[in-house]
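Colleague: Residue numbers (the UniProt record's numbering): 1 to 351.
Idealized CB from N, CA, C, for every residue including glycine.
Structure incoming, see below.
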Ligand code: SF4
């Protein structure tokens, strides 16, 4: 039998986080877990020094409870207008290409932030200050959109605390702002949050076989696809994230089959409001080295210097992207296939 997504055995906690009501609730949810006090959720040596091969166990068994200190809002303009301060970071899933911040090191299990009241208040203040959106943009024709899940997957966070429920509730009350997060999770609790159209969920999809190889610990593509109509019926705006697009021999046939399957499965009501993001894979040299220790097979798909080129990131790391010129051609081909099989699916953003 597959290991459960979460089997929390140890909680590293900042005392200030444990003292907050949300911290208390999280601790009460996992009463049997060992509690270890830490000065900072970023500095937990045991997480940094874990064995390279022991990558999945901490994701399943470890939780960190912290207080989010800075609450910045960053302009975005791609998936959202603004990136909101996150209510968590890290993830219990283990997609081999995952680039969520790994500052706490190695496997990067979930940190839940207990000062959700401050995060909610800051978000409400920021959204209210914006006033009405002056003109439509590709993010949204009417609302300011806030990305809530840049550093993790909120569907998994919803298994741990009510932070996501509170965020969805907040956006019900903000007339000019909408919450948004990308996910691979299938968490039935989300269906009871009553979003009233004010939260957009972007379900991440890719061909079945590649997801099986790369999206370790994530629900299958069939489960994710089946959840899309349910989320929409529950009141979410639902978009699709075709990301990352991982190129290999035979990709066109695989994506064509996925589009055809979606076209069969999605109800008209979902199709009417549908839009998608397309993001071609960017890989990273440091991540490649981490992955070689625990999932070398994934690297055969992700690490393709024969069709990729190096690009130094702003932070100084080496990223690999599909080669200029080729990438543009492949992206255009991808969009043509999508337009052919799902002509109602507007492309909000393609990179
Ligand atoms: S679900 Fe998202 S955050 Fe979690 S491992 Fe996969 S890519 Fe990373």
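Can you check whether the CB of residue 242 is closer than 7 Å to the CB of residue 342?
Modeller: Result no, Cβ atoms of residue 342 and residue 242 do not sit closer than 7 Å.
Colleague: Quick one: Cα of residue 247 to Cα of residue 28, how far?
Modeller: C-alpha separation (whole angstroms): 45 Å.
Colleague: Kindly provide the chain-ordered list of residues whose Cβ lies closer than 6 Å to any non-hydrogen atom of the ligand SF4.
Modeller: Chain-ordered list of matching residues: 91, 93, 94, 95, 98, 100, 152, 153, 184 and 218.
Colleague: Put residue 112 into one of helix, strand or coil per three-state DSSP.
Modeller: Residue state, collapsed to three classes: strand.
Colleague: Quick check on residue 177: does DSSP put it in helix, strand or coil?
Modeller: Of the three classes helix, strand and coil, the one that applies to residue 177 here is strand, per DSSP.
Colleague: Just to confirm, is the Cβ distance from residue 61 to residue 7 under 7 Å?
Modeller: Contact flag set, yes.
Colleague: At what residues does the alpha helix (DSSP H) containing residue 296 begin and finish?
Modeller: Per DSSP, residue 296 belongs to the alpha helix (DSSP H) from 296-302.
Colleague: Note down, in chain order, each residue of its chain lying with its Cβ closer than 7 Å to the Cβ of residue 265, except the 5 sequence neighbours on either side.
Modeller: So the qualifying residues of the chain are 225.
Colleague: Do residue 295 and residue 96 have their C-beta atoms within less than 7 Å of each other?
Modeller: Closer than 7 Å, so yes.
Colleague: Have a look at the DSSP bridge pairing and note the partners of residue 99.
Modeller: Partner(s): none; residue 99 has no beta bridge.
Colleague: Between the C-alpha atoms of residue 348 and residue 146, what's the straight-line distance to the nearest angstrom?
Modeller: If I take the Cα positions, the gap works out to 15 Å.
Colleague: Assuming residue 183 and residue 201 form a contact by the criterion Cβ under 8 Å, report the distance between their Cβ atoms to the nearest whole angstrom.
Modeller: At roughly 6 Å, the Cβ-Cβ gap stays under 8 Å, so residue 183 and residue 201 are in contact.
Colleague: Tell me residue 308's beta-bridge partners as DSSP assigns them.
Modeller: Looking at the DSSP assignment, residue 308 forms a beta bridge with 322.
Colleague: Given residue 271, which residues of its chain have a CB within under 6 Å of its CB, disregarding the five upstream and five downstream residues?
Modeller: 344.
Colleague: How many Å lie between residue 217 and residue 76 at the Cα?
Modeller: Taking the straight line from one Cα to the other gives about 29 Å.
Colleague: Do residue 336 and residue 317 have their CB atoms nearer than 7 Å?
Modeller: Result no, Cβ atoms of residue 336 and residue 317 do not sit closer than 7 Å.
Colleague: Between which two residues does the alpha helix (DSSP H) containing residue 39 stretch?
Modeller: That residue, residue 39, is in no alpha helix (DSSP H); it is neither H nor E in DSSP.
Colleague: Starting from residue 268, trace the alpha helix (DSSP H) both ways and give me its first and last residue.
Modeller: 268-272 is the extent of the alpha helix (DSSP H) around residue 268.
Colleague: Let me confirm a value: residue 173 is counted as buried when at least 16 other C-beta atoms fall within 10 Å, else exposed. Which label applies?
Modeller: So residue 173 ends up on the exposed side.
Colleague: Using 8 Å as the threshold, is the stretch 80-92 in touch with the stretch 153-169, meaning 3 or more CB pairs across them?
Modeller: Yes: at least three Cβ pairs fall under 8 Å.
Colleague: Return yes when the C-beta of residue 212 is under 6 Å from any heavy atom of the ligand ZN, and no when it is not.
Modeller: Among the ligands present in this structure, namely the ligand SF4, the ligand ZN is not found.
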